[in-house]
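J.:
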Amino acid sequence: MGKNMKFKPLSLILIVSVFCFASCGGSGGGSPSTGKTLIEFSISGVSINGTINETDQTITLMLPYQANIDVTSIAPVITHTGKSISPASGSVQDFTNPVTYTVTAEDGTSQEYTVTVNVALH
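The sequence shown runs 125 to 246 under this note's numbering.
Dropping the structure here:
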């Protein structure tokens, strides 16, 4: 009976320790991120990056005339701090008119950016 008495407190300590360590893991326990900033907007295959204006939430790209890029069919590569962006990075868009992108943070808040693509005249 002496061995059983020593075993029970040790077992209890072990079980409590396992539950304590298990509860420390997981999602980090912090609040969801509020990050929803567009960091980079570029066109794959050419060295053209958009100029991002965080104050006005606008992005402007000036394509050289000789680049011969069809503005009705551009699939931009987008880097952002949010959970998601819509339309998605890499999806083909028609930039004949400005296109609005929405970056959504983990906390559900969002920020819109208006992208304008211009082609230089000769």
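The C-beta atom is built at its ideal place from N, Cα and C for all residues, glycine as well. Since the model is a prediction, treat every value here as computed from it, not as a measurement.
Check whether the Cβ atoms of Ser-157 and Asp-231 sit closer than 8 Å, and answer yes or no.
T.: Cβ atoms of Ser-157 and Asp-231: closer than 8 Å.
J.: Assign Tyr-189 to buried or exposed, taking buried as 16 or more other Cβ atoms, counted over all protein chains shown, within 10 Å of its Cβ.
T.: Tyr-189 should be labelled exposed.
J.: Find the nearest neighbour of Ile-155 within the set Gly-214, Tyr-237 and Ala-229, judged by alpha-carbon distance.
T.: Note on identity: in this sequence residue 155 is Ser, with Ile being the wrong assignment. The shortest C-alpha separation from Ser-155 is found at Ala-229.
J.: Locate the beta strand (DSSP E) running through Pro-200, then write down its first and last residues.
T.: First-last of the beta strand (DSSP E) with Pro-200: 200-204.
J.: Once DSSP output is grouped into helix, strand and coil, what is the label at Gln-190?
T.: Looking at Gln-190 - three-state DSSP - the assignment turns out to be helix.
J.: Would you call the CB atoms of Thr-238 and Thr-205 closer than 8 Å?
T.: Contact flag unset, no.
J.: In whole angstroms, what is the alpha-carbon distance linking Ser-247 and Tyr-225?
T.: The question about residue 247 has no answer, for the chain in this structure spans 125 to 246.
J.: Compare the Cα-Cα distances from Asn-221 to each of Val-201, Gly-214, Leu-185 and Gln-235 and report the closest residue.
T.: The candidate whose alpha carbon is nearest that of Asn-221 is Leu-185.
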